[in-house]
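Quick note, the sequence shown lines up with residues 1 to 727 if you use full-length UniProt numbering.
Glycine residues also receive a C-beta, built at the ideal position from the N, C-alpha and C atoms.
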Amino acid sequence: MPQPFEKGPFREVKVPAWVQDSTGAGYTLSVMSSAQRKDAADAGVTISEMGFVDPFYAYYDSKLLKRRNPHVAPDGLKKDIAEYQKLGVRILGVYPPTLQAEVWERHPEWRRVSTDTDQIPEIDLKKFPHGGMLCPLGPYGDFFIDVLAEIVTEFPAVSAFSFDGLHHGGGCYCRICRANYKKDTGNAIPKRDMQSEDFRKYLHWADRKLEDLVQRMQTRLKTINPDIALVTWTTNAGRFGHLLDIPRNMSARMNLLFDAPDQEFWLDETNRGSSIVPAFGVAYVWAVSNHRVAFAEPYLMSRGNPYGKDSFPAHEIERRMMLALTHGAGPSLAVLQPDNLKPAVTHCLAEVKKRKPWLTHKEPEPWAAILVSDNTRAFYGRNPGHVEDRYLANVFGFFRAALEEHLPVTLINDWNLTPADLAKYKVLVLPNAACLDNAQCDAIRKFVERGGGLVASLDTGLCDEFGTPRKTPALTEVLGTTHKGVAVAGKIDDKIDENFARTLPPEYWAKRKGVWDFKRVGNAQSFLEAEKLTELLGKALVTFKGPVARVEARTGSSVDATVRTKDSTQEPELPAVVSHKFESGKAVYLAAGIDAAHYSSSYPYYRLVLTGAMRAVASTPPPVEVKAPMCVQVSTVRQKKNGERLVIHLFNDVNTTAGHGHPAEEVPLREEVIPIHDIEVTLKGYNVKEVRQEPGAHGLKFIKTGDAVTFTVPKLRVHAMAVVELG
């Protein structure tokens, strides 16, 4: 899908076969002894890092970088390479991409300028000998590619490269960037201000320049060696701290140019470790690879503040590794650990190795898609301190509800909103997807026209791809509502604020928060009249705590629920849940941000409203239904490798001490497991030949009833797979 300032077609990189067969990296072999490396290789490590350039030196006789590391012997790299090759471990070459002291000194014009100034930054190299950040959007980017090409030519055994920090830092004001932006747009780079439409447009331009760098890098390197790969850290693919990077420092789409993006996977208190966020993060890093190959390394830390692994339980390693592979990413791991954790590391690597036959050549089994919009995160969220509340909470809430109800959901991206990509799904969920361009809106409209089900919330379609509010919000005829602005608890004002019509002032999101009375209107045909919801709610008013958009239901729509300022009988009721038929499809619009509330201040009925809406708009029920406690996380993938099969991952997320600590400081440090028994799985519409529980090849009996097949997984400890061989 074209993006602003694109000069040519964007195509995802072709992933080499060896990467497709990989299930994660085993880091830290570069600082391990020969005996330790052999143990790691025997345990299943197939790729690990090796330094070629650091912020101070090159580790070889480079023609481009003159400073050679005096601590690395002349034949040091060749000896290490020979040892890796003997062990069957592929070499992941390391180069920190925007920190290089020699280049910083030699080329001051290549330095990144972070603020709107003509002054070239200076650094005291005695205090900070690595220098500062270089700008990858200009000539330094070409130099960087030249060094990589030199390494691949000099050391053909190198299989891949890893970069820590391949990003533009939210933009650059260096002389070269200023000249290039002026040439491409006729404008000067605007001041750094996310409230400015001009600056948001500039960020799109910076993203395109960085994507172009990686495209040229891949073309150059794959010309030398078609099997070379970028198996590299990414900064826009799911770790909570990175999702707060606003202005964004790379586009999510750039991950399609990596053969396998690898995500730092933190479960500490600063990254919402005890919430749904880590599971979401893993699912998202797989999503931004277009569900091809992605890795996630769970950091073995007790806490992030202070950072460390004091008293880290051995059992927690397995939990984190299994969580990663459950949601589609190959679990990477730092193999070198303290002596007390070494047996657990060996055990976990062995557990991944047992599962490897079912971890590759897979794709999600489609039913419902949840959009994670990078443009909405950056250009509607606008502020690192507020984006969780403004946007991420909506996505997290829907993802949480789907996991708790075991619905098969797939995370998708801005670029997947095309008729071809959407055709496979029955349901499309747009959690507060404020920033959509015209082509995306057209694809959504056609999806519903042709029988697709749509669930959307709050400000979906309010803005264009730059985060600028439209004069008329998009998708009104599909959703069956007209957006009227902000609903403020305790104050009803029919006027649309002039500033709101032109931009979104910072107070916009704060205004619409409140505590409300939520009421079902009693429509017998509504999904809100489900028996389980009635058991929870009775017939009384119930509290809703969260954001509300003020909307007006259009002709032909059904208002299924309303909200009113809590305990106020003087104010009118506002539409909260609206159902609408559009052509052959159905839509449910949540003017009440129940999705955000389910993440931030949940009542149990929120979950049933969200998943009930998904079921209500779907033309067919989910093809995979699982009866299990809500602590069991489920994901279903289809593997096409030596036949075709479904692989249903079951992960036990029980934490026996959850909720005992301070909510803001809780961290999952699990020491024990409570097994879950008798998980029932029902498949609909499949030609089932055989069902096994893996690892272990335990045959599971199944019963056919019409087009349904039912079987039971007798016991789940931490992780298991139901492998369903298909005819």
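Chain B within 8 Å of residue i, Cβ atoms only
i: Gly-304; result: In the structure shown, chain B does not exist; there is a single protein chain.
Paired residues, beta bridge with residue i - DSSP
i: Thr-543; result: Asp-517
i: Phe-161; result: Gly-93, Leu-230
i: Thr-565; result: Trp-516
i: Phe-582; result: Gly-585
i: Tyr-27; result: Ala-334
i: Lys-209; result: According to DSSP, Lys-209 bridges with nothing at all.
i: Ile-246; result: Ile-246 is not bridged to any residue.
i: Phe-711; result: Val-681, Phe-702
i: Asn-383; result: Paired residues: none, contrary to the question.
i: Thr-410; result: Ala-369
i: Glu-640; result: What sits at residue 640 in the sequence shown is Lys, not Glu. In DSSP, Lys-640 forms a bridge with Glu-644.
i: Glu-49; result: Leu-92
Extent of the continuous beta strand (DSSP E) to which residue i belongs
i: Leu-683; result: 676 to 684
i: Thr-705; result: 702 to 705
i: Asp-262; result: 260 to 265
i: Ala-628; result: Counting along the chain, Ala-628 falls outside any beta strand (DSSP E), and DSSP gives it neither H nor E.
i: Gly-485; result: 481 to 486
i: Pro-364; result: 362 to 364
i: Arg-692; result: 688 to 694
i: Ala-722; result: 719 to 726
i: Ala-549; result: 549 to 553
Start-to-end residues for the alpha helix (DSSP H) that takes in residue i
i: Asn-394; result: 393 to 404
i: Val-345; result: 342 to 355
i: Arg-596; result: Note that residue 596 is Ala in the sequence shown here, rather than Arg. Run containing Ala-596: 594 to 600, per the alpha helix (DSSP H) assignment.
i: His-315; result: 314 to 326
i: Val-103; result: 101 to 106
i: Ser-34; result: 34 to 43
i: Val-13; result: No alpha helix (DSSP H) holds Val-13; DSSP gives it neither H nor E.
i: Phe-144; result: 139 to 154
i: Glu-531; result: 531 to 537
i: Ala-82; result: 76 to 87
i: Gly-612; result: 604 to 617
i: Arg-175; result: 175 to 185
Residue nearest to residue i in terms of C-alpha spacing, selected from the options
i: Gln-337; options: Val-214, Gly-308, Ala-324; result: Gly-308
i: Gly-169; options: Ala-157, Leu-203, Cys-348, Arg-320; result: Leu-203
i: Pro-343; options: Lys-627, His-315, Glu-363; result: His-315
i: Asp-207; options: Met-250, Met-194, Arg-175; result: Met-250
i: Trp-104; options: Asp-124, Val-89, Gly-186; result: Asp-124
i: Ser-602; options: Thr-235, Phe-396, Tyr-589, Val-626; result: Phe-396
i: Ile-224; options: Glu-154, Ala-722, Pro-129; result: Glu-154
i: Pro-16; options: Leu-92, Asp-227, Arg-638; result: Asp-227
i: Phe-312; options: Lys-704, Leu-341, Asn-687; result: Leu-341
i: Met-301; options: Gly-273, Gly-281, Met-322; result: Gly-273
i: Val-19; options: Pro-261, Pro-384, Asn-416; result: Pro-261
i: Ala-487; options: Arg-550, Phe-544, Phe-466; result: Arg-550
i: Gly-141; options: Glu-122, Tyr-95, Pro-129, Ala-157; result: Tyr-95
i: Ser-30; options: Ser-557, Tyr-84, Val-13; result: Tyr-84
i: Cys-348; options: Val-277, Ala-576, Ala-279, Leu-325; result: Leu-325
i: Ile-276; options: Ala-456, Ala-393, Tyr-425, Leu-537; result: Ala-393
i: Arg-670; options: Ile-317, Val-559, Gly-76; result: Ile-317
i: Lys-38; options: Phe-56, Lys-79, Gly-88, Phe-10; result: Gly-88
i: Asp-442; options: Thr-418, Lys-545, Asp-198; result: Thr-418
i: Ser-159; options: Lys-222, Ala-720, Ile-703; result: Lys-222
i: Ala-722; options: Val-681, Gly-706, Gly-685, Lys-704; result: Val-681
i: Arg-382; options: Gly-186, Ile-246, Arg-90, Pro-575; result: Ile-246
i: Gly-538; options: Glu-665, Arg-520, Gly-8; result: Arg-520
i: residue 744; options: Met-133, Phe-143, Leu-77, Trp-233; result: There is no way to answer for residue 744, as the model of the chain reaches only from 1 to 727.
i: Arg-106; options: Val-624, Leu-134, Asp-80, Ala-82; result: Leu-134
i: Glu-449; options: Pro-473, Glu-477, Ala-540; result: Glu-477
i: Ile-47; options: Val-13, Phe-5, Pro-604, Arg-90; result: Arg-90
_List, from N- to C-terminal side, the beta strand (DSSP E) runs of 3 residues or more that fit wholly inside the segment 417 to 474._
Qualifying beta strand (DSSP E) stretches, in chain order: 427 to 430, 453 to 457.
*asked:* Quick test of the definition: if touching needs 3 or more C-beta pairs under 8 Å, does the segment 62 to 73 touch the segment 155 to 165?
replied: no
*Pairing CB atoms from the segment 632 to 646 with CB atoms from the segment 342 to 356, are three or more of them under 8 Å?*
no
*Give a yes or no on contact between the segment 210 to 220 and the segment 32 to 39, applying the rule of three or more CB pairs nearer than 8 Å.*
Here the segment 210 to 220 makes no contact with the segment 32 to 39; the two share fewer than three CB pairs at distances below 8 Å.
*Any contact of the segment 145 to 159 with the segment 117 to 130, i.e. 3+ C-beta pairs under 8 Å?*
With the cut-off at 8 Å, the segment 145 to 159 and the segment 117 to 130 do not touch.
*Counting pairs of beta carbons, one from the segment 607 to 626 and one from the segment 503 to 514, are three or more of them closer than 8 Å?*
no
*Along the chain, which unbroken stretches of the beta strand (DSSP E) at least 3 residues long are found entirely within the segment 262 to 300?*
295 to 298
*Could you tell me whether the segment 373 to 386 touches the segment 582 to 592, using the rule of 3 or more Cβ pairs below 8 Å?*
The segment 373 to 386 vs the segment 582 to 592: no contact.
_Would you call the segment 529 to 540 in contact with the segment 478 to 485, where contact means no fewer than 3 C-beta pairs closer than 8 Å?_
Contact check between the segment 529 to 540 and the segment 478 to 485: fewer than three CB pairs, one atom from each, fall below 8 Å, which does not count as touching.
*Would you call the segment 424 to 438 and the segment 457 to 469 touching, i.e. three or more CB-CB distances under 8 Å?*
Below 8 Å, enough C-beta pairs join the segment 424 to 438 and the segment 457 to 469 to call them touching: three or more.
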